Structure formats: structure tokens, C-alpha cells
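Chemist:
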Amino acid sequence: MASQEILREEPSRGSFVNDPRIRSLFFQTLVVVLLFGSIWWIVQNVIDNLQRLHIASGFGFLKGRAGFDISDTPIAYTSDSTYGRAIVVGLINTIIVAAAGIITATIIGFIIGIGRLSQNWLIQKICTVYVEIFRNIPPLLVIFFWYSGVLAVLPAPRDSYHLPFGSFLNQRGFYFPRPVWGDGSWLILVALVVGIAMSWFVARRARQRQMATGQQFPVFWTSAALIVGLPLLAYVLSGFPLTFDLPKQSTFNLTGGFQVKPEFLSLYLALSCYTAAFIAEIVRAGIRGVSKGQTEAAAALGLRSGSILRLVVVPQAMRIVIPPLTSQYLNLTKNSSLAIAIGYPDLTATAGTVLNQTGQAVEGVLIMMIAYLILSLVTSAVMNVVNSRMALVER
Amino acid sequence: MQEHDMSWVRTEMALAQPAPASVSGPVAWVRRNLIGSVGDTILTILGIVIVAWVLPQVINWAFINAQWTGPDRTVCATVAQGGIQPDGWSGACWAFVNAKFGQFMFGTYPVEERWRPILVAILFVALLVPMLMPRVPRKGLNAILLFLVLPIVSFFLLVGGIFGLPHVETSRWGGLLITLSLSFVGIAVSLPLGTVLALGRRSKMPIVKMLCVIFIEAVRGIPLITVLFFVSVMLPLFLPAGVTFDKYLRALIGVSLFAAAYMAEVVRGGLQAIPKGQYEGADSLGLGYWQKMGLIVLPQALKLVIPGIVNTFIGMFKDTSLVLIISMFDLLGIVKQNFSDANWATAQTAKSGLVFAAFVFWLFCFGMSRYSMYTERRLDTGYKR
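So the protein lines, in turn, are chains A and B.
Read left to right, the first sequence gives residues 88 to 482 (my numbering).
Read left to right, the second sequence gives residues 77 to 461 (my numbering).
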């Protein structure tokens with residue numbers, strides 16, 4: 088009887104100091120107390136400091152008149168616009184440069200990454216040199232190199248470089264013809280949309296037919312014809328409404344056309360070149376991560392080398408590539424904040440100006456943080472969708 | 077007992093013949109690696125065109141046409157620009173780098189006190205080199221000297237104001253001195269801080285875990301510039317009136333916190349890769365939490381993620397260049413600042429200065445990445461496939 092009672096007893100832990108639950112509770116309480124203590128202390132200090140500096144808190148300042156000019160304005164903006172609008176202009180500029188950079192960096196990165204795995208010794212070495220150079224220098228330096236080293240020493244507008252399609256390059260940037268949409272040009276856009284919709288439909292039907300009968304259909308050429316042909320047809324039918332405003336060279340400046348400023352150009356080129364080196368390494372790792380047996384098995388099934396790459400290697404490599412690729416896209420977006428160093432009015436630059444003018448440091452930094460967090464979350468959400476479509480479907 | 081007479085069988089191996097010329101030797105190498113197929117040949121020609129177009133220009137610019145010495149801008153400007161070079165000349169202006177070399181290294185650190193950063197650099201190298209060589213004994217003592225004693229000694233040497241050394245404000249520091257000191261302290265702070273954050277993120281205490289997750293994800297979601305802004309603008313607001321922080325210290329806090337968040341994710345990867353049996357084994361030996369982590373888990377986890385840790389170091393080293401946004405002059409900042417020197421302003425100045433800065437950054441980052449590859453091979457204990 089006595090032995091059973093001993094068994095039923097809780098095993099003795101000695102002192103309650105050694106109980107892991109009590110310890111965990113104690114430490115967490117300690118952390119919470121410390122945290123709230125320091126937050127309370129900081130908030131008190133902030134309130135004191137703001138009162139001393141006569142700065143009102145709150146987001147009311149966003150409605151005030153900005154009073155500063157912005158060089159690149161994708162939406163209507165003058166110095167009479169509000170602070171809020173200035174920040175929105177900055178946000179849109181950030182999105183533009185990040186999107187352009189992501190597309191270009193992906194293209195260059197894939198080319199360089201595949202080049203590093205090439206059988207061709209010379210190509211392989213050229214790509215390795217590219218990666219090793221750009222991976223090991225700061226992005227800010229690359230931006231300065233394009234800005235002060237290359238674009239700033241281009242000739243003056245009078246001696247601009249003439250490029251194909253009536254575009255020009257000089258120290259004030261890159262000029263190219265601007266399309267002018269005349270009456271009836273909406274038909275072209277409608278035709279483009281219809282073309283895209285029809286090619287999507289054709290691709291779906293072609294896949295279904297191949298699944299059912301095994302017969303293939305030249306989807307690529309059909310869609311190319313639809314997407315290019317239909318707008319062209321609409322262009323001709325509606326009586327050539329689309330004209331181009333060509334940049335014209337005068338004595339001191341270029342007039343007309345669309346101007347890409349050197350600030351945007353150097354930021355865009357630098358971000359693309361820099362991130363491409365990292366994407367190249369990711370692509371290389373992805374392709375090398377597909378085991379050689381896969382290639383050999385595909386070859387044994389009688390697939391040609393192009394089909395092996397397209398149907399067997401790339402889909403498997405993409406599974407390895409996409410997660411790190413996402414973080415590179417996020418890095419590029421965050422690195423676009425370096426724009427402030429050369430005066431491209433991105434989010435950090437405009438919000439920084441607003442912050443300096445109004446003294447609303449807390450709110451300004453908060454807006455910046457939230458905006459970048461949202462951009463990051465959106466990018467990773469999009470990439471997660473892509474990733475889940477690529478992910479291994481196990482039966 | 078053998079059934080057959082085997083005496084006709086050869087008793088020694090035949091000597092290996094050299095491979096036929098079609099599979100070895102330079103001709104075969106060229107055939108295999110450069111002109112294997114039509115596409116390959118086209119690529120090779122393309123590559124040769126690229127190299128033939130780029131390489132002579134680079135060599136011409138950096139060496140043959142370059143100006144190595146000179147008193148001012150005239151040696152690097154063409155006649156039309158008011159210099160001595162023929163029109164159309166294009167070459168590196170190393171004379172500019174030469175003349176500003178002291179500034180690029182030390183910023184505006186007083187010239188007569190420059191022996192102090194040089195002494196710190198010598199001490200640093202003297203402690204770092206044995207630390208990096210695996211065969212040199214007494215690693216523990218070496219690490220203590222390098223990561224605890226050296227920063228304290230360097231602090232008093234560089235700042236001064238004690239032992240009869242004149243005080244030098246951090247606003248007079250600059251150039252490579254700032255780049256290296258920021259990244260060294262950043263590395264020394266972010267690795268332990270990141271490890272603690274990673275442990276916190278895997279902790280069973282929900283509040284600790286939540287705080288660590290919030291910190292890590294918030295910092296990783298925003299650019300370093302915003303963190304630097306935050307630290308340089310908000311920190312003074314957070315403190316009681318009258319308490320001011322040195323700008324250098326603020327940058328140091330920003331860079332360290334930023335790197336710690338990234339480091340935490342790297343270390344977490346290592347912690348997750350350690351099999352559960354290791355944790356359980358440590359528990360069954362009766363080790364406490366810190367003993368378990370310090371003696372069993374972390375040594376294995378950190379070893380696994382050395383490449384990631386070094387990558388973070390390299391990233392941080394490159395990121396120190398951003399302090400120029402909050403108007404501090406690291407190597408890149410001071411190079412950029414000198415573009416506006418009227419005495420040296422030519423078309424080539426910016427390019428030459430930036431190429432020099434790029435070369436210095438490249439040297440450090442490339443060295444770090446090569447050393448990490450070497451360590452990875454040395455410590456490889458068979459986890460990798």
C-alpha cells in the first residue's frame with residue numbers, strides 16, 4: 088500500500104526555483120515589465136521633446152502645402168500640392184524604379200547565371216568575372232559610378248549621341264520619341280486586350296487538346312500573331328491615329344520627345360547590374376540543384392536538349408530559385424532607397440524632405456516604414472503565388 | 077590446385093598509353109570548350125568580340141593612358157579643358173587618388189595624430205592574422221584580445237583625451253577608418269546579438285518569441301537608410317533633453333541592429349538544421365538551457381551557417397557606405413566629397429576615385445568570401461550532400 092502512495096505523489100522538484108514553468112513565467116513577466124517601462128520612458132521623453140520643440144503630433148501635417156518641387160512627377164504635382172501628395176509621388180517613383188529594375192535584373196541575371204554553367208570556357212569566365220565584380224562592391228558605389236563616372240561626362244546636348252529610332256543620349260539623360268495618342272487610338276488598346284485574351288484562350292484549348300489527343304499546336308506563333316497583328320490591324324483601320332513626338336535638337340537643348348533623367352537612368356542601371364549578379368548565382372545554384380539523372384532520364388525518353396531544359400530542368404530549378412529570388416526582389420526594392428544619394432525623388436527622399444520641413448520625425452519615419460513594409464509584403468505575396476504554382480504537386 | 081595452365085596470362089599490368097591527341101592536349105581542349113558546336117562557336121566569337129572591345133579600353137584607361145603623379149588637375153585635363161593632355165585623351169587620374177590618399181584613409185584626422193589609427197591597424201592585423209590561421213594555438217586568448225581588448229584599446233587610442241593623447245572628435249574621422257571600424261564593431265556586436273535573437277525566436281516563451289519575431293521582421297522589412305534615418309532623427313527624441321549621442325555612435329547602433337536582424341535569421345537556419353536528437357541528448361545529460369545551447373547546439377549550428385554569416389558580414393561591410401546619407405564620410409563618402417575639389421575637378425576625377433574605392437571594397441569583400449569558402453571546406457563534417 089505504501090509503495091502505491093509514493094507512486095501517486097508528484098515527483099519532487101526540490102525548490103520551486105527549478106520549476107521550468109515558474110521560471111518561464113518569471114522571465115516573461117520581467118521582459119514585459121522592462122519593455123513597458125522603457126516604452127513608457129521613451130514616450131515620456133518624446134512628449135517632452137516635442138513640447139519643447141513646439142511640434143504638434145498627428146498626421147494633420149499631410150494636408151499642409153508642400154512648397155518644394157519634385158523633378159520626376161508621374162502624377163500631377165506642383166509645389167502647391169500637399170505633403171501627402173508629395174509622399175505619394177515618391178512612393179510611385181519607388182515603385183516605377185523597383186519594377187523596372189526587377190525586370191531588367193531578372194533578364195540579365197538569368198543570362199549571366201546560365202552563362203556561368205555554359206560548356207563554353209570563354210563565356211563562363213566572362214560571366215564569372217561579372218558576378219565577382221558586382222557582388223563585391225557596394226550598390227551605392229555602382230550608382231555613383233553610373234551617375235558621376237559615366238552619365239555626367241557624356242557630351243552636352245549640342246553634341247548628343249544619335250541613337251537608332253530617333254533617340255538621343257547626352258548628359259541630361261536619354262531622349263526617345265513619345266507616342267501621341269490621337270482620336271480613335273482607343274481601338275488599338277482594345278485590340279491589344281482582345282489579342283491577349285484570345286491568345287490566353289488559344290493556349291488553354293491547345294493544352295486541353297494535347298492532353299486529350301497528344302497533338303500539339305503552335306501556341307507561341309499564334310499568340311505572337313494575335314498580340315502584334317490585332318493592334319496593327321486596328322492601327323491601320325482607324326486611320327493611323329498614333330503619331331510620335333520626336334525629340335528635336337536645337338542649339339542648347341533637346342525639345343520634344345520623352346526624357347529619362349540621368350538620376351533615374353543611373354539608379355535603374357545600377358540596381359539592375361548589382362542585383363543581376365546575385366540573381367545569376369541563384370539561377371546557377373537552382374540549375375545545379377537539379378540532379379544529372381533527371382537530364383539523362385529525359386534524354387533516354389527521347390527529348391531534345393531544348394525540350395529537356397524547358398520541360399524537365401527549368402520547372403525543377405524554379406522551385407529552388409523562387410524563394411531566394413523573392414528576397415533579391417525585396418532587396419532591390421529596399422536598395423532603391425539609395426536614390427536619395429543622387430537626388431532621384433523616391434519615397435525616402437520625398438518623405439525625408441517632408442520630415443525635415445515639418446519636423447514630424449516620428450510620423451515621417453513611421454510612414455516610410457509602413458510603406459516599405461507594404462511594398463515588401465505585396466512583392467512576397469505575388470512571389471508566393473508564383474511559388475505555389477511551381478511547387479511540387481505530390482500525388 | 078589449378079585446373080588450367082595459366083602461364084600465358086600477363087603477370088604485370090600494361091603501362092598506360094598517353095590519351096590520343098583528339099581527347100587531350102590544347103587542341104582537344106579548344107575543340108571541346110570553345111568550338112564544340114555551331115552555337116558554341118558563335119558564342120565564342122561573341123565572347124572574343126566582347127573581350128576584345130572591353131579589355132583594351134580598360135587597360136588603356138587604367139594603365140597606359142593613366143596619370144600617376146601630378147600637382148593638380150592640369151595633368152588630368154585635356155588642352156580644351158585647360159590642362160596638358162591632348163584632345164580626346166581618356167585615362168585614369170591616379171594622381172588625384174595619390175594626392176588624396178591620406179584623406180581617403182583617415183578623413184580629416186589630424187595629420188600629426190595619424191600614427192594612432194595606423195597603430196590600431198597594425199594591432200588589428202597582428203591579432204586577426206593568427207585568428208584566421210587554423211594552426212596557430214591559443215584561439216580563446218586570441219579571440220578575447222581581438223574582440224574585447226582591442227576595441228577598448230582602439231577606442232582610447234582613436235578618441236584620445238587620456239594618457240596625454242589629444243582628443244579627436246569622431247566628426248573628424250573619415251575614410252577607410254570609418255568603414256573598417258564601423259564594420260568591425262558591427263560584426264562584433266551583431267553576431268552575439270543575432271544569436272540571442274535567433275534563440276529568442278525559437279524560445280518556448282510566447283512573449284519573448286513574439287518580441288523577437290516583431291523586431292526581426294520589422295527591421296528586415298525596411299531599408300538600412302530608413303533605419304539610419306530612424307536612429308539619427310528619432311534617437312535624440314527618445315532620450316531626455318540634453319542627452320545627446322555622438323553621430324558616429326548613432327550610425328554604429330543603426331548598422332549593428334540592422335545586421336543583427338539578418339544574422340538572427342541565418343543563425344535560426346543553423347539551429348533548425350540540428351537534429352532533434354542533439355537537443356534531447358543534451359537534456360538527458362541534465363544540461364541546463366544555456367549549457368545545452370552553448371556546449372552542444374550552437375557550436376554545431378554556427379559551424380553549419382558559416383557561409384551565411386560571412387555573407388551577412390560582406391553585406392554589412394558594403395552597407396557601411398550608406399552612412400554618407402546621414403552625412404558621415406566613410407571611404408565612399410570622402411571620395412565623393414573630393415569630386416567637388418576645384419583643384420582636381422576633371423572629367424576623369426570621379427571615375428578614377430570611384431574605381432579606386434570600388435577596388436578597396438572589392439578587395440575586402442572578395443577576401444572575406446574566399447576565406448569563408450576555405451573555412452567551409454575545412455570544417456565540413458559531412459552534413460552537406
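Glycine included, every Cβ here is placed at the ideal spot set by N, Cα and C.
Everything numeric in this text was worked out from a predicted model, so none of it was measured.
1) Using a C-beta to C-beta distance shorter than 7 Å, which residues of chain A count as neighbours of Met281(B)?
2) Put Phe232(A) into one of helix, strand or coil per three-state DSSP.
3) Touching or not, the region 320-338 of chain A and the region 161-168 of chain A, by the rule of three or more beta carbon pairs under 8 Å?
4) If you check the beta carbons only, do Gly270(B) and Ala336(B) fall under 8 Å apart?
5) Determine the chain B residues that contact Val133(A) at a beta-carbon separation under 7 Å, and present them in chain order.
6) Can you find the residues in the same chain that come closer than 7 Å, C-beta to C-beta, to Gln526(A), ignoring five residues on each side of it along the sequence?
7) Can you name the residues of chain A whose CB is closer than 8 Å to the CB of Cys288(B)?
8) Could you check the C-alpha separation between Lys348(A) and Arg149(B) for me, to the nearest Å?
9) Enumerate in chain order the residues of its own chain whose CB-to-CB distance from Trp268(A) is below 6 Å, with the five nearest sequence positions on each side excluded.
10) Assign Gly164(B) to one of three DSSP states: helix, strand, or coil.
11) Roughly how many whole angstroms lie between the Cα atoms of Thr435(A) and Ala426(A)?
12) Kindly indicate which three-state DSSP category Gln143(B) falls into: helix, strand or coil?
13) Flag this pair as touching only if the region 388-408 of chain B and the region 256-267 of chain B have three or more C-beta atom pairs under 8 Å; answer yes or no.
14) By the three-class DSSP mapping on this structure, what secondary structure does Thr169(A) have?
15) Quick check on the DSSP output: the alpha helix (DSSP H) that includes Tyr217(A) runs from which residue to which?
16) Shorter than 8 Å from the beta carbon of Leu276(A) to some beta carbon of chain B?
17) Could you give the DSSP three-state label for Pro318(A): helix, strand or coil?
18) Let me check one thing: in DSSP terms, what residues is Leu341(A) bridge-paired to?
19) Span of the alpha helix (DSSP H) holding Trp129(B)?
20) Can you give me the C-alpha to C-alpha distance between Cys441(B) and Ile109(A), rounded to a whole angstrom?
21) I need the straight-line Cα distance from Gly202(A) to Glu368(A), nearest angstrom please.
22) Of all the options Ser353(A), Gln258(A), Thr466(A) and Thr440(A), which has the alpha carbon lying nearest to the alpha carbon of Ile409(A)?
23) Between Ala278(A), Ala187(A), Arg222(A) and Cys360(A), which has its C-alpha nearest Leu320(A)'s C-alpha?
24) When the Cα atoms are used, what is the spatial distance from Met444(B) to Val386(B)?
25) Using the Cβ count rule (16 or more neighbours within 10 Å means buried), how would you classify Arg277(B)?
26) How would you label Gly200(A), buried or exposed, when you count the other beta carbons within 10 angstroms and need 16 or more for buried?
27) Can you check whether the CB of Thr420(A) is closer than 8 Å to the CB of Met470(A)?
28) Compare the C-beta of Phe442(B) with all C-beta atoms of chain A and state if any pair is closer than 8 Å.
29) To which residues of the same chain is Asp322(B) closer than 7 Å at the C-beta, ignoring the five residues directly before and after it?
30) Residues bridged to Pro266(A) by DSSP?
31) Is the Cβ of Arg461(B) closer than 8 Å to any Cβ of chain A?
Modeler: According to the data block:
1) As a working mapping, residue 281(B) is identified with position 205 in the second sequence. Among the residues of chain A, those whose CB is under 7 Å from the CB of Met281(B) are Ser111, Phe114 and Gln115, following chain order.
2) Your numbering for residue 232(A) matches position 145 in the first sequence. Helix at Phe232(A).
3) Contact between the region 320-338 of chain A and the region 161-168 of chain A is absent, because fewer than three Cβ pairs lie under 8 Å.
4) To locate residue 270(B), count along the second sequence from 1; it is residue 194. To locate residue 336(B), count along the second sequence from 1; it is residue 260. Yes, they are a contact pair.
5) Numbered from 1 along the first sequence, position 46 holds the residue referred to as residue 133(A). Near Val133(A) (Cβ distances below 7 Å), the residues of chain B are Leu313 and Phe314.
6) Residue 526(A) is absent from the structure shown; chain A starts at 88 and stops at 482.
7) In the second sequence, residue 288(B) corresponds to position 212, counting from 1. The contacting residues do not exist; Cys288(B) stays about 10 Å from chain A at best.
8) Translated into the one-based positions of the first sequence, residue 348(A) becomes position 261. Translated into the one-based positions of the second sequence, residue 149(B) becomes position 73. When rounded, the separation of the alpha-carbon atoms in Lys348(A) and Arg149(B) is 29 Å.
9) The count along the first sequence starts at 1 and reaches residue 268(A) at position 181. Cβ neighbours of Trp268(A) within its own chain (closer than 6 Å, five residues either side excluded): none.
10) Residue mapping note: residue 164(B) aligns to position 88 of the second sequence, counting from 1. Gly164(B): coil per DSSP, three-state reduction.
11) Stepping through the first sequence from its first residue, residue 435(A) is reached at position 348. Stepping through the first sequence from its first residue, residue 426(A) is reached at position 339. One alpha carbon belongs to Thr435(A), the other to Ala426(A), and they sit about 8 Å apart.
12) The count along the second sequence starts at 1 and reaches residue 143(B) at position 67. Correct three-state label for Gln143(B): strand.
13) Touching, per the Cβ criterion.
14) Residue 169(A) sits at position 82 when you count from the first residue of the first sequence. Three-state DSSP puts Thr169(A) in a strand.
15) Translated into the one-based positions of the first sequence, residue 217(A) becomes position 130. Boundaries of the alpha helix (DSSP H) harbouring Tyr217(A): Trp208 to Arg222, taken from the DSSP string.
16) By 1-based counting over the first sequence, the position of residue 276(A) is 189. Not an interface residue.
17) For this step, residue 318(A) is matched to residue 231 along the first sequence. Pro318(A) falls in the helix class under three-state DSSP.
18) Taking the first sequence and counting its residues from 1, one reaches residue 341(A) at position 254. Per DSSP, Gln336(A).
19) Residue mapping note: residue 129(B) aligns to position 53 of the second sequence, counting from 1. Note, Trp129(B): alpha helix (DSSP H), Val114 to Ile135.
20) Numbered from its first residue, the second sequence carries residue 441(B) at position 365. Numbered from its first residue, the first sequence carries residue 109(A) at position 22. Distance between the alpha carbons of Cys441(B) and Ile109(A) is about 47 Å.
21) One-based indexing of the first sequence puts residue 202(A) at position 115. One-based indexing of the first sequence puts residue 368(A) at position 281. Each residue's alpha carbon lies about 11 Å from the other.
22) Within the first sequence, numbered from 1, the residue matching residue 409(A) stands at position 322. Ranking the options by Cα distance to Ile409(A), first place goes to Thr466(A).
23) Indexing the first sequence from 1 puts residue 320(A) at position 233. Measuring C-alpha to C-alpha distances from Leu320(A) to each of Ala278(A), Ala187(A), Arg222(A) and Cys360(A) identifies Ala278(A) as the nearest.
24) Residue mapping note: residue 444(B) aligns to position 368 of the second sequence, counting from 1. Residue mapping note: residue 386(B) aligns to position 310 of the second sequence, counting from 1. If you draw a straight line from the Cα of Met444(B) to the Cα of Val386(B), it comes to about 7 Å.
25) Stepping through the second sequence from its first residue, residue 277(B) is reached at position 201. Arg277(B) comes out buried.
26) Here residue 200(A) refers to the residue found at position 113 when the first sequence is read from its first residue. Using a 10 angstroms sphere on the CB of Gly200(A), the tally of other CB atoms reaches 16 or more, which defines it as buried.
27) Counted from its first residue, the first sequence places residue 470(A) at position 383. Counted from its first residue, the first sequence places residue 420(A) at position 333. In this structure, Met470(A) keeps its C-beta atom at 8 Å or more from the C-beta atom of Thr420(A).
28) Position 366 of the second sequence, counting from 1, holds the residue named residue 442(B). For Phe442(B), the answer is yes, since a Cβ of chain A falls inside 8 Å of its Cβ.
29) By one-based count along the second sequence, residue 322(B) stands at place 246. Taken in chain order, the residues that qualify are Thr246.
30) Counting from 1 along the first sequence, the entry for residue 266(A) is found at position 179. Phe331(A), per the DSSP bridge assignment.
31) Numbered from its first residue, the second sequence carries residue 461(B) at position 385. Residue placement at Arg461(B) cannot be trusted, given a pLDDT of 41 that sits under 50; what the coordinates show is reported in the next sentence. Not one chain A Cβ lies under 8 Å of Arg461(B).
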